[in-house]
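Undergrad: Every position in the sequence shown, counted from 1, becomes a number in my numbering once 7 is added.
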Amino acid sequence: MTEPAPSEVPVSSPCVSVCTIDKASELCIGCLRTLKEIGAWRTMTLEEKRTTVAACRERANLIPPRGKDWKPLVEVRG
């Protein structure tokens, strides 16, 4: 059986069912997507989904730690 081409591999939603929008950043505190990205997810192309997941990873890297035991709320999957 052959492996699908990388461009055809499905992209899992980064949603972790912690759906709360932070008013200051306008990002979901669970998956770090914007409302626009959340709403468009089902109709995005695979490339758009990959771009969105990459943006979520970047956002996770930009969030300052909140104390020595701080961990991101979500590990952004991709």
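Even for Gly, the Cβ is constructed at its ideal location relative to N, Cα and C.
Bear in mind the structure is a predicted one, so any value in this text is a computation, not a measurement.
Determine whether the beta carbon atoms of THR52 and ARG40 lie at a separation below 8 Å.
TA: No, the pair does not count as a contact, with Cβ atoms beyond the cut-off.
Undergrad: Which of helix, strand or coil does DSSP assign to CYS22?
TA: Coil.
Undergrad: Does DSSP put ILE36 in a helix, in a strand, or in coil?
TA: If DSSP states are grouped into helix, strand and coil, ILE36 belongs with coil.
Undergrad: Does the beta-carbon distance from LEU34 to ARG57 come in below 8 Å?
TA: Taking 8 Å as the Cβ cut-off, LEU34 and ARG57 do not qualify as a contacting pair.
Undergrad: Are CYS38 and CYS63 closer than 8 Å when you measure CB to CB?
TA: Cβ distance < 8 Å, so CYS38 and CYS63 count as in contact.
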